[in-house]
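Residues in the sequence shown are numbered consecutively from 5, following this note's numbering. Ideal Cβ positions, reconstructed from N, Cα and C, are used throughout, including at glycine. For reference, the structure is listed below as structure tokens.
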Amino acid sequence: MELATPRMSKPRDAYYWRLLATAISFALFGLGGLCLRLLIFPLLACLPGDAQHQRERARRTISRLFWLFIRFMARSGVLTYEVEGADRLGRPGQMIIANHPSLIDVVFLIGLVRNANCVVKQSLWQNPFTRGPVRTAEYISNDGSMDMLDAAVGALKGGQTLIIFPEGTRTAPGTTPSFHRGAAAIALRGARIITPVVIEVSPTTLTKAEPWYRIPLRRVHFSFRVGADIDPQTFASQGPAPQASRKLNDFLHHYFIKELATDERSNKRPAP
Numbered sequence: 005m006e007l008a009t010p011r012m013s014k015p016r017d018a019y020y021w022r023l024l025a026t027a028i029s030f031a032l033f034g035l036g037g038l039c040l041r042l043l044i045f046p047l048l049a050c051l052p053g054d055a056q057h058q059r060e061r062a063r064r065t066i067s068r069l070f071w072l073f074i075r076f077m078a079r080s081g082v083l084t085y086e087v088e089g090a091d092r093l094g095r096p097g098q099m100i101i102a103n104h105p106s107l108i109d110v111v112f113l114i115g116l117v118r119n120a121n122c123v124v125k126q127s128l129w130q131n132p133f134t135r136g137p138v139r140t141a142e143y144i145s146n147d148g149s150m151d152m153l154d155a156a157v158g159a160l161k162g163g164q165t166l167i168i169f170p171e172g173t174r175t176a177p178g179t180t181p182s183f184h185r186g187a188a189a190i191a192l193r194g195a196r197i198i199t200p201v202v203i204e205v206s207p208t209t210l211t212k213a214e215p216w217y218r219i220p221l222r223r224v225h226f227s228f229r230v231g232a233d234i235d236p237q238t239f240a241s242q243g244p245a246p247q248a249s250r251k252l253n254d255f256l257h258h259y260f261i262k263e264l265a266t267d268e269r270s271n272k273r274p275a276p
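Have a look at this one:
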């Protein structure tokens with residue numbers, strides 16, 4: 005799996021070609037979702053194996069196709085990317101926590117982790133292009149209910165890797181991440197380890213309420229940096245569940261703000 009592409013430095017980089025390639029990418033993504041639902045998953049369902057094997061096959065299939073989608077976007081000139089520390093993702097009972105600057109953050113992370121579970125927004129369960137994959141893979145709907153929290157905790161206790169975006173939605177441009185406490189509560193109840201992933205997108209694109217065709221003047225670069233593991237039991241021992249959850253959430257919030265601020269200062273530093 006190639007985890008880095010050459011980073012382009014031109015201020016303008018084939019704008020109209022990238023616009024066309026972006027349109028093709030989104031069309032392929034939608035068609036891919038329909039093919040999974042109508043063709044690939046029915047065929048996979050004919051293979052032997054219990055419900056768990058069927059779920060794992062679905063997740064691995066989605067993961068491989070997502071990574072092919074990312075590679076297509078990179079090869080067609082839409083974006084470049086680099087991933088640091090990917091070998092530490094995908095462990096049993098691991099909760100992967102990431103900030104959420106772009107629409108395709110989840111595509112990257114699921115593409116990187118072959119058999120991951122993920123908390124996804126509820127609207128994907130009604131979307132005709134995505135409802136087949138998310139239901140067959142048994143991803144968890146982010147409806148804010150206790151059932152959602154229990155499902156996430158159960159997945160972690162069962163040894164699954166869980167990807168979650170504590171903001172619940174994409175970060176508004178020019179603002180810092182704001183984490184909801186639900187992710188911290190899930191981690192304290194079920195995670196063996198918490199692994200933060202800091203995502204940087206430069207220049208910003210596919211942000212909240214931004215249409216796909218509003219692309220920047222230069223090629224977008226995605227940076228994923230896997231941070232040091234965090235032991236949730238360090239916070240679980242600091243008091244009752246609500247207090248421990250608040251402390252863990254505050255720690256994660258400040259961690260991401262600090263890491264993103266460090267990255268921003270590094271990007272502004274003039275080249276030698």
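Should residue i be labelled buried (16 or more other beta-carbon atoms within 10 Å of its own) or exposed?
{"i": "residue 49", "result": "exposed"}
{"i": "residue 109", "result": "buried"}
{"i": "residue 150", "result": "exposed"}
{"i": "residue 83", "result": "buried"}
{"i": "residue 127", "result": "exposed"}
{"i": "residue 20", "result": "exposed"}
{"i": "residue 104", "result": "buried"}
{"i": "residue 243", "result": "exposed"}
{"i": "residue 217", "result": "exposed"}
{"i": "residue 276", "result": "The predicted model places residue 276 with a pLDDT of 38, which falls under 50 and marks its position as unreliable, so this point remains unresolved."}
{"i": "residue 5", "result": "exposed"}
{"i": "residue 181", "result": "buried"}
{"i": "residue 13", "result": "Bear in mind that the predicted position of residue 13 carries a pLDDT of just 49, short of 50, making it unreliable; the figure below should be weighed with that in mind. With fewer than 16 other Cβ atoms within 10 Å, it is exposed."}
{"i": "residue 159", "result": "buried"}
{"i": "residue 232", "result": "exposed"}
{"i": "residue 42", "result": "exposed"}
{"i": "residue 51", "result": "exposed"}
Restricting to Cα atoms, I'd like to know which of the options is closest to residue i.
{"i": "residue 58", "options": "174, 137 and 82", "result": "137"}
{"i": "residue 36", "options": "234, 71 and 94", "result": "71"}
{"i": "residue 240", "options": "156, 198 and 205", "result": "198"}
{"i": "residue 107", "options": "234, 169 and 117", "result": "169"}
{"i": "residue 115", "options": "104, 101, 94 and 196", "result": "94"}
{"i": "residue 117", "options": "147, 166, 126 and 73", "result": "166"}
{"i": "residue 155", "options": "125, 133 and 194", "result": "194"}
{"i": "residue 192", "options": "251, 24 and 112", "result": "251"}
{"i": "residue 123", "options": "24, 30 and 171", "result": "171"}
{"i": "residue 60", "options": "73, 119 and 101", "result": "119"}
{"i": "residue 9", "options": "77, 96, 183 and 125", "result": "77"}
{"i": "residue 183", "options": "28, 256, 38 and 39", "result": "256"}
Could you give the C-beta distance for residue i and residue j, rounded to a whole number, given that I count them as a contact under 8 angstroms?
{"i": "residue 188", "j": "residue 253", "result": "4 angstroms"}
{"i": "residue 224", "j": "residue 100", "result": "The Cβ separation is near 22 angstroms, so there is no contact."}
Does DSSP classify residue i as helix, strand or coil?
{"i": "residue 77", "result": "helix"}
{"i": "residue 68", "result": "helix"}
{"i": "residue 259", "result": "helix"}
{"i": "residue 274", "result": "Because residue 274 sits at a pLDDT of 45, beneath the cut-off of 50, its placement in the model cannot be relied upon, and the point is left open."}
{"i": "residue 253", "result": "helix"}
{"i": "residue 122", "result": "strand"}
{"i": "residue 8", "result": "strand"}
{"i": "residue 214", "result": "coil"}
{"i": "residue 85", "result": "strand"}
{"i": "residue 60", "result": "helix"}
{"i": "residue 175", "result": "coil"}
{"i": "residue 111", "result": "helix"}
{"i": "residue 13", "result": "Low confidence applies to residue 13: its pLDDT is 49, below 50, so where it sits in the model is not reliable, and the reading given next is rough at best. Reduced to three states, the DSSP call for residue 13 is coil."}
{"i": "residue 117", "result": "coil"}
{"i": "residue 38", "result": "helix"}
{"i": "residue 134", "result": "coil"}
{"i": "residue 219", "result": "coil"}
{"i": "residue 191", "result": "helix"}
{"i": "residue 240", "result": "helix"}
{"i": "residue 199", "result": "strand"}
Would you say residue i and residue j are within 7 angstroms of each other, going by their C-beta atoms?
{"i": "residue 226", "j": "residue 205", "result": "yes"}
{"i": "residue 220", "j": "residue 236", "result": "no"}
{"i": "residue 81", "j": "residue 31", "result": "no"}
{"i": "residue 185", "j": "residue 145", "result": "no"}
{"i": "residue 141", "j": "residue 62", "result": "yes"}
{"i": "residue 230", "j": "residue 97", "result": "no"}
Shorter than 6 angstroms, the distance from the beta carbon of residue i to the closest heavy atom of the ligand MN, or not?
{"i": "residue 68", "result": "The ligand MN is not among the ligands present in this structure, which contains no ligands whatsoever."}
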